[in-house]
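Here is the structure we will look at, set down as structure tokens.
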Amino acid sequence: MENDKDSACLERAHVHSLEVLQKQSIPVLPESSRLEDARSTLLRNIPEHGLGIAQTTAHLLQDIAPALNASSLSPTYYGFVVGGVTPAARVADSLVSTYDQTPTIHLPDQTVASNVEDKALRLLMDLLRFDQSSWSGVFSTGATASNVLGLACGREYILNERIKSRLGPDSEERVGSLGLLQACRIAGVEGIDILTTMAHSSLFKASSILGLGRNCVHDVGTSDGCVTFDLQKLEQHLKSGHHNNASIVVISCGEVNTGFFATHNLADVQALRTLCDKYGAWLHVDGAFGLFTRILDGLPEFETVAQGARGLTLADSIAGDGHKLLNVPYDCGFFLCRHPSIAPQVFQNPNAAYLNTKNAATDMIQSALNVGIENSRRFRGLPVYATLTAYGRQGYADMLKRQVRFARAVAAYLFVHADFELLPSDIFRDRVRIDQDIFIIVLFKAKNEALNNTLAKRINASSKMYVSGTVWDNCPASRIAVSNWQVDPDRDINVVRTVLEDVLSACSKESSET
Ligand SMILES: *Cc1c(COP(=O)(O)O)cnc(C)c1O
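Given below as structure tokens:
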């Protein structure tokens, strides 16, 4: 049990958190001197005798905390796609740390944790309009891990199907037991192709982790550098590799630089499904943030972006992120799959009877440790359960509407501005496209090249807002990703305007002085 001193320190940390959370506005980045100071205070070696909890708490609150950025705390931090944390998710997350239990083994007589995670996944499926009886799921650390899960299940499926067609349907040989090399030999497969468009970097990473290799990821997009599939190119790949190779097709549901979608309606996904069925390919979706447009389905204002995630129930597996648009704390991703028998073939812990606690007679809950990567992990379903319970379908629709409307307001401001260019410029030649195509990402550059080279840096130096510096068409570009539930379009557009106008006037002042 904790003593008074421990409790006092815990309380100090809580008070600090409450103070930070109640601030009206918070700089998006710490002062650089703070960073230097904090680094100089970090211990180099394990202390022989610990400093004690009081001194350690002071170190955390006085040295380290002021040197953290406000990526999740500030509604005007637009770097990466970081998400925020809803108040209900934060409440749950503090309980997660207090109780510190792993929900991965289903122990119905001992804890309700695995039931909560099961329900959290079901509520999430409900929010995203996936039929709970057709899909199963598991929480992961994020979309990267969920892409690993998707490619692992895809690899298992496509090779097992080949093995069955060679050795007969009763063959018990499986990739999960044979290993990739042996399975490919038996299946007569010489290579695996991952066919996609403008894939997120994590897909290449997942391919490498799984022994498929980054080089097996092929872009089959249309030649205009768009995220749209070139179906002919895709079919050529599937066809030419059909005898020696096996394929996984991946839909980029939300491309990370533009927020655009690889498919634009149900028919697009149906066409992919037909090709995958014809050539025995697995269809995976990287929907880290794009999946959430399904919340806005049916609303005319968001029709085009919602169409980008329509038809995904035809896929075999789906990766999504909780710590982005769901606004739960890191680290939370989720994985949905339409073939419940595949994941256990990959992730089953063999020969561990004590881990087999499922009671088929009383419930259908699968222990997460046999369908996901980790055996033990954080109870990350609790914040998901809490936030969905607290805000419901309408609450999430309202949060997302505000975020999309704000992104569109920023895009509209940039579009008419004489000194900025909204990207991709060939798409946004027409103002109307802003209110159709913009989801939560706004890509832009300054027309003045010298300014553009330092634009992201100058914006971020304001510490009032943060954008990601990126590259588009071999040119530096700035990228705004809106992903925090706290976004207030009317309030925040003024921050964006002020910061950008200040950057412009500082720049023109500099050039008139030189
Ligand atoms: C963020 C993102 C990922 C990686 O997600 P993590 O949560 O960082 O693991 C994968 N795909 C897309 C499209 C993303 O936006």
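Position 297, counted from 1, in the sequence shown is what UniProt numbering calls 297; the numbers after and before it change by one each time, with no gaps.
Cβ coordinates follow ideal geometry from the N, Cα and C atoms, glycine included.
CB of residue i to nearest heavy atom of ligand 1: below 8 Å?
{"i": "Ser71", "result": "no"}
{"i": "Val81", "result": "yes"}
{"i": "Val495", "result": "no"}
{"i": "Glu255", "result": "yes"}
{"i": "Val498", "result": "As written in the sequence, residue 498 is Thr, which differs from the Val given in the question. No, ligand 1 has no heavy atom inside 8 Å of this Cβ."}
{"i": "Asn147", "result": "yes"}
{"i": "Asp286", "result": "yes"}
{"i": "Leu203", "result": "yes"}
{"i": "Thr144", "result": "yes"}
{"i": "Asp37", "result": "no"}
{"i": "Thr293", "result": "no"}
{"i": "Ile324", "result": "Here residue 324 is Lys; the residue named in the question, Ile, does not match the sequence. Correct: Lys324 has its Cβ closer than 8 Å to ligand 1."}
{"i": "Asp321", "result": "yes"}
{"i": "Gly290", "result": "yes"}
{"i": "Ser208", "result": "no"}
{"i": "Ser252", "result": "yes"}
{"i": "Gly311", "result": "no"}
{"i": "Gly84", "result": "no"}
{"i": "Thr102", "result": "no"}
{"i": "Thr197", "result": "no"}
{"i": "Thr141", "result": "yes"}
{"i": "His200", "result": "yes"}
Closest to residue i by C-alpha separation, out of the options, would be which residue?
{"i": "Lys278", "options": "Trp472, His243, Thr228", "result": "His243"}
{"i": "Asp490", "options": "Lys205, Gly213, Arg402, Ile248", "result": "Arg402"}
{"i": "Glu36", "options": "Asn45, Ser341, Leu128, Ala65", "result": "Ala65"}
{"i": "Thr454", "options": "Leu504, Ile53, Ser97, Cys226", "result": "Leu504"}
{"i": "Arg497", "options": "Val227, Val410, Asn327", "result": "Val410"}
{"i": "Phe80", "options": "Val96, Val482, Ala306", "result": "Val482"}
{"i": "Gly129", "options": "Phe406, Ile318, Phe444", "result": "Residue identity check: residue 129 is Arg in the sequence provided, not Gly. That would be Ile318, whose Cα lies nearest to the Cα of Arg129."}
{"i": "Thr86", "options": "Ala386, Asp419, Ala38", "result": "Ala386"}
{"i": "Cys337", "options": "Tyr413, Gly372, Leu210, Arg39", "result": "Gly372"}
{"i": "Leu121", "options": "Phe139, Ile192, Leu107", "result": "Phe139"}
{"i": "Glu190", "options": "Ser165, Ser207, Leu159", "result": "Leu159"}
{"i": "Leu451", "options": "Asp131, Thr470, Asp419", "result": "Asp419"}
{"i": "Tyr330", "options": "Asn45, Ala145, Ser512, Tyr99", "result": "Ala145"}
{"i": "Cys184", "options": "Arg155, Asp219, Val227", "result": "Arg155"}
{"i": "Ser32", "options": "Ser463, Pro476, Ser468", "result": "Ser463"}
{"i": "Asp126", "options": "Pro103, Thr313, Thr56, Gly188", "result": "Thr313"}
{"i": "Gly225", "options": "Met399, Glu501, Phe261", "result": "Phe261"}
{"i": "Ala38", "options": "Gly308, Leu68, Arg166", "result": "Leu68"}
{"i": "Leu326", "options": "Met364, Arg378, Gly311, Thr389", "result": "Thr389"}
{"i": "Ser74", "options": "Tyr157, His339, Gln22", "result": "Gln22"}
{"i": "Val471", "options": "Arg380, Asn257, Leu181, Asp488", "result": "Asn257"}
{"i": "Val432", "options": "Ile441, Arg408, Asn448, Ala199", "result": "Arg408"}
{"i": "Asp437", "options": "Asn460, Arg405, Val416, Ser468", "result": "Arg405"}
Could you give the C-beta distance for residue i and residue j, rounded to a whole number, given that I count them as a contact under 8 Å?
{"i": "Ser247", "j": "Leu238", "result": "6 Å"}
{"i": "Ala58", "j": "Lys5", "result": "Not a contact, Cβ separation roughly 13 Å."}
{"i": "Ala456", "j": "Ser425", "result": "Incorrect: roughly 18 Å between the Cβ atoms, too far for contact."}
{"i": "Trp282", "j": "Asp316", "result": "5 Å"}
{"i": "Asn370", "j": "Phe334", "result": "Rounded, the Cβ-Cβ distance is 17 Å, inconsistent with contact."}
{"i": "Gly241", "j": "Gly290", "result": "Their Cβ separation, rounded to whole angstroms, is 27 Å, which puts Gly241 and Gly290 out of contact at 8 Å."}
{"i": "Val96", "j": "Pro383", "result": "7 Å"}
{"i": "Val82", "j": "Ser71", "result": "5 Å"}
{"i": "Gly287", "j": "Gly322", "result": "With a Cβ gap of about 12 Å, Gly287 and Gly322 do not count as contacting."}
{"i": "Ala368", "j": "Thr196", "result": "Wrong, their Cβ atoms sit about 27 Å apart, outside the cutoff."}
Alpha helix (DSSP H) runs wholly inside the stretch 16-63, at least 4 long, in chain order: With a minimum length of 4 residues, the continuous alpha helix (DSSP H) runs that stay inside the stretch 16-63 are 32-41, 53-58.
Completely contained beta strand (DSSP E) runs for the stretch 375-424, where each covers 3 or more residues: Correct list: 420-423.
Within the stretch 74-141, ranges of the alpha helix (DSSP H) (whole runs, at least 4 residues): If one requires a minimum length of 4 residues, the alpha helix (DSSP H) runs lying completely within the stretch 74-141 are 87-99, 113-127, in chain order.
Length at least 4, wholly inside the stretch 270-345: the alpha helix (DSSP H) runs in chain order: If only uninterrupted alpha helix (DSSP H) runs of at least 4 residues are considered, those enclosed by the stretch 270-345 are 303-307.
Complete runs of the alpha helix (DSSP H) confined to the stretch 487-513 [at least 4 residues]: Every unbroken stretch of the alpha helix (DSSP H) spanning 4 or more residues and falling wholly within the stretch 487-513 is given here in chain order: 489-513.
Every unbroken alpha helix (DSSP H) within the stretch 164-207, with a cutoff of 4 residues, ordered by chain: For the stretch 164-207, whole alpha helix (DSSP H) runs of length 4 or above, ordered along the chain, are 175-178, 180-187.
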